[in-house]
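Each remark here refers to the structure printed beneath this line.
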Amino acid sequence: MTYDELEALVLDPKGDWALQRALAPLDEKARAKLSAPVQKLYKQLYSSATDKGASDRLKAVLASRKGDKWNYWNAAETRHAMLALFAVGPLSIVKKRQVHVWHEQVPLLDRILRDRRPAWLNEWITHELEADFTHLNFAALREWIRDGVCAKPEVDGYYRMFAGYLMRTGFYRKDEVVPPITTQLLADPDLLADVEGLFRVESIAFNTNAWLTKGAASDYETWTEALLKLSAEGHLDRADLLQWALDGLKRDLKQNQLSGFHGFYKKMGPSEAELRRHQSDYIDLLCHPVGHVVKFAIEMLSEVEKKSALDIDPALRELPLVFSSDGKGNAVAALKLLKRIIARQERHARAALSVVGEALQHAQADVQALALDILGANTAQLASEDLANLRDKEPFVAASNRARFAQLVTTNDQDPADPEAGGTEPGGLVAEATETRFDYHPIASDRLAEPILLPEDKIAPIETAEALIEAVLHTVETVDSPDEVERIIDAISRLANDRPTDFDAKVAPLLHRLKTGRGTTSIVLGTVGVGGALLDLLYTWLTGRHYRTPSEESQYYTLEDGFVPVRAHLHAIAEAIHRGERRPLLSAPTHKGGWIDPLVWVERLIQAHGGASADSMDFRLSLLRLAPDHRREALERAAGLPAPLRGIVDFALGGEARPARSDRSHSAAWITAARCRDPYRDWTEELAPLNLDDALPDGVRPARYVWRSSHKAHQYDKTRWKIPEFTISVTCEGRDEAAERRAGLLRRVTEAFGARTRTDWSELPTAALNRRMDTKRYWSGEMNSPWVAHWLAFVWPQNPTATCMRGVTRLMLRTDDNSSSWTPSHGYFQPLFQHGRPWRETGHLLLCLGLVGKDADAGGLAVDALIDGIDVRLFDPELFASTIARLAEGEWMKLNRLGDTLMQVVQISPLHAKVVSDALQLWLPKLDFGANNAFRLLEVIVEARAITGQALAEEARDVLLTATGNGKFVKVAKLLAEAGHS
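The sequence shown begins at -8 in the numbering used here and counts up by one.
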């Protein structure tokens, strides 16, 4: 067969089976001869681009392709060429990612592979099964195995495919009738040997998600049901199934699969003899990192203990591990098991009490309280040595349990009623002997003129090209802080033409790393957005050629509008250094966090000798970074600056200058100067001479954020859940949107005659920060890099409100998601660690979302921010209470998470305990007492009360007394209200 004949068949839209028949009789030598030209043909068809020497026939086919070329990646002729690769190509080609076969082509592939029987077939099957996604069909694979076409694979992917194929419902292929799993297994008995793999490999066999049974027939079986039936009928050994399930629980698999294993084990209903035989497995599982597996182990050991068959010594050796986890339920279950051992096994009582003592180190006060109950009821069996060991646990005992603990460990010759030993109030709630007094007042929200600069935060500029090269090389690997990026940008602008004779040799490794390095911690972010502008600047400096990569929007990659002015700034620097101009940047920070000392700033303006432009983005960005320190002294030094710069600088620093109509061409600089002077003031009156048409938030008028927390209810089959929703709109303080819409036509007419000038958000960094403040989920974006999210706060350090709100929108998308290196969110919290700058509502909102979210990284930073915020008086209990109450209106908040994080904070000091307790008490009037785990918040107040000795506020006590019902919240509320009044 010639290549020309083969090409004709490939390009024939209806040549599927004709292609197979033509290739069938070829031997390996003939196939090898066709391999290279077929590979070349496939490449041209896949890319829709001809190579030199392409046939007229191929050129005609590709010329007929209209529109986007990528739409033809799966055209008929491309699929034919792909199948031809399997018929004549080597393993290295068919293993490529873009070479795959769709479901409808499987019969054709089956025939081609049977005709050829390639030596690489087993290895290709293994490769496909190990891939994240494959079009390989299990039914075809089983036929190959039975017919001897290939060997049975032993990779995990085979068992995953086995599990999924047999449990399919036929819903997605309407004409398919799927027999029950038992029927399929008995029709191919060799498959029974593969059942063991279901307990060894990650699969969906034991998942209970409702979508897995969508469209199932009336006789549908789950794997659990099928295995129970096959065991009962004697097709599978019962002992093997039970042991496989226990062995599977010891493997490093996903939690839902582990849940399926122990659910299956329980449904098997192990007999007393089987329980006895497996108790060593149960004991081994007590140290499992997954909570529900430990719960299963404790439940099984409890069943063994009820039958008086527990091997106590090994169990007591492992049970202390349960208390090392933060989980409350397992710790309580373990204590109940220990309590039964103490009551029924006198010989082991003292050893069991020693294990109970380990529970005093548990994080939950309730667990400690239960342990104290058990120890207190068995003090007669505690020797002096045991009491000494218990005293070592004192640092871990919660404040609410310390009085009872003190009574327990009191020596026998000391009167337990001694007041110095501590006391308890009704219901077991602790009252400290003395009440600690505090004077806590949060920083006022208008304290913007307070000094912010510290000597230790001063930034040293990069002085030499060699140091600059080293700094960039480091940031290619990891950006420690946006401060380093700012130092690099400033150094490139100042050292533009400072090129040693061996410059090209020195930067060669750096150029290579810029092309190969990339990651969420690297300065190499991509070719679009602010990352693309950074790369353009670096390449322009390194090569001497001007780079300017266009940034295009994508539905898969989000560009941050807040960086649009920064991108313009970076492009301007690149253009300047390409022209051979070197200059210090006005916007280069002098201190960490993006701050500029106004005295240094004015000196830069003076040294520019009139070269500084009031209309440059560098000037505007520098205005927003001016610290409140030294503004008066800087104002005096700025008197000699030329116009119009002098007036804008005077206005920004608090002087008497005001704009005139002649300043309209510099309106962007005047608006930015106004935002520098006071970020939260309405400057409409002062900027009126500019005759601006401005509706931009944080333009002439300050931004106002209107937000609402809600949820959307979902249900599938019997499963119900809530998806958190968060809506936000950004407008201007005092803006009447309805009136503006009515005046829209008149405004356009007056603009046409030049009466007013409309402001442009891309020219105003403050307005750009408030663009597109939505909560849509995107695949990726430049804010996925934590240091970039942190860098956004450097645009306007005096007012991080927009940056905090940007963080709020991202955290809302991941409320119930674990920490992720792909979509990290901890970079948004840095503004909360800026001392002396009030958090205001948006800062408290960001804090709240960090405290209630599942993301451990964000949660840890939120806890640190709260601790630090109380220390430096940034945290406002009243503002927190009102913010968290509004957030809770969405009915999606996990109050157990909030309780856990706040409990960490109250342990720091009496001050922290007092402030957190005050905040929660202020929330109580709006708290939904029936919300899940609401009692966890009361536990925090109990703990805080025990630490501070302070009584409840009368308003909080009155609210708690209104609680009705029999739930845990009501019980704790009543006890707390009664105790808090004393």
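No residue lacks a Cβ here, since even glycine has one placed at the ideal position from N, Cα and C. Since this is a predicted model, take the numbers as computed values, not measurements.
Asked                                                                                                                                                                   : Found
Check this for me: beta carbons of residue 587 and residue 617, under 7 Å apart or not?                                                                                 : yes
Taking residue 941 as the reference, give the member of 927, 967, 102, 841 with the closest Cα.                                                                         : 967
Short check: CB of residue 201 to CB of residue 106, under 7 Å?                                                                                                         : no
Just list the alpha helix (DSSP H) runs in the stretch 584 to 642, keeping only unbroken ones of 4 residues or longer that don't cross its boundaries, in chain order.  : 589 to 598, 608 to 615, 622 to 628
With a 10 Å radius around its C-beta and 16 neighbouring C-beta atoms as the bar for buried, classify residue 308 as buried or exposed.                                 : exposed
Helix, strand or coil: which one does DSSP assign to residue 717?                                                                                                       : strand
Can you tell which of 619, 552, 233 has the C-alpha that lies nearest to the C-alpha of residue 585?                                                                    : 619
Please say whether residue 220 and residue 263 have beta carbons closer to each other than 7 Å?                                                                         : no
Give the straight-line distance between the Cα atoms of residue 267 and residue 372, rounded to the nearest whole angstrom.                                             : 29 Å
My output table needs one value for residue 166: the three-state DSSP class, helix, strand or coil.                                                                     : coil
Grouping DSSP H, G and I as helix and E and B as strand, with all else coil, what is residue 268?                                                                       : helix
Taking only the alpha-carbon atoms, compute the straight-line gap between residue 667 and residue 470 and give it to the nearest angstrom.                              : 28 Å
Name the DSSP bridge partner or partners of residue 57?                                                                                                                 : Answer by DSSP bridge pairing: none, since residue 57 is not bridged.
Measure the alpha-carbon distance for residue 904 versus residue 444 and round it to whole angstroms.                                                                   : 30 Å
Assign residue 683 to one of three DSSP states: helix, strand, or coil.                                                                                                 : strand
Look at the Cβ atom of residue 906, then the Cβ atom of residue 861, and state whether they are nearer than 7 Å.                                                        : yes
I need the DSSP call for residue 979, collapsed to helix, strand or coil.                                                                                               : Because residue 979 is not part of the residues shown, which for the chain are -8 to 973, the question remains open.
For residue 286, is the classification buried or exposed, using 16 other Cβ atoms within 10 angstroms of its Cβ as the cut-off for buried?                              : buried
Which two residues bound the contiguous alpha helix (DSSP H) that contains residue 484?                                                                                 : 473 to 485
Start and end of the beta strand (DSSP E) containing residue 703?                                                                                                       : 694 to 707
Here's a check: name, in chain order, each residue in its chain whose Cβ is nearer than 6 Å to the Cβ of residue 412, leaving out the five neighbours to either side.   : Bear in mind that the predicted position of residue 412 carries a pLDDT of just 42, short of 50, making it unreliable; the figure below should be weighed with that in mind. Result list for residue 412: 397, 398, 401, in chain order.
Near residue 893, which residues of its chain fall below 6 Å by C-beta distance, leaving aside the five closest residues on each side in sequence?                      : 907, 931
If you check the beta carbons only, do residue 84 and residue 30 fall under 7 Å apart?                                                                                  : yes
Would you call the stretch 63 to 74 and the stretch -3 to 13 touching, i.e. three or more CB-CB distances under 8 Å?                                                    : yes
Going by beta carbon distance, what residues of the same chain come within less than 7 Å of residue 438, once the five residues before and after it are set aside?      : 829
Output needed for residue 153: all residues of its chain with C-beta closer than 6 Å, excluding positions within five of it in sequence on either side, in chain order. : 185
Buried or exposed: residue 706, going by 16 or more other Cβ atoms within 10 Å of its Cβ?                                                                               : exposed
Would you call residue 578 buried or exposed, if buried means 16 or more other Cβ atoms sit within 10 Å of its Cβ?                                                      : buried
What's the C-alpha gap between residue 276 and residue 155?                                                                                                             : 28 Å
Mind checking which residues open and close the alpha helix (DSSP H) that includes residue 93?                                                                          : Segment: none, residue 93 is in no alpha helix (DSSP H) and carries neither H nor E.
Under 8 Å Cβ to Cβ from residue 534, same chain only, skipping five residues before and after it: list those, please.                                                   : 502
Answer yes or no: do residue 845 and residue 891 have a C-beta to C-beta separation smaller than 7 Å?                                                                   : no
Under a Cβ-count criterion, where at least 16 other Cβ atoms within 10 Å of its own Cβ denotes burial, should residue 406 be classed as buried or exposed?              : With a pLDDT of only 47 at residue 406, under the threshold of 50, the placement of this residue in the model should not be trusted; the figure read from the coordinates follows. Exposed.
Determine the contact status of residue 717 and residue 796, defining contact as a CB-CB distance below 7 Å.                                                            : no
Just to check my reading of the structure: residue 655 and residue 681 have Cβ atoms closer than 8 Å, yes? What is that Cβ distance to the nearest angstrom?            : 5 Å
Touch check for the stretch 470 to 487 and the stretch 772 to 781: three-plus C-beta pairs under 8 Å?                                                                   : yes
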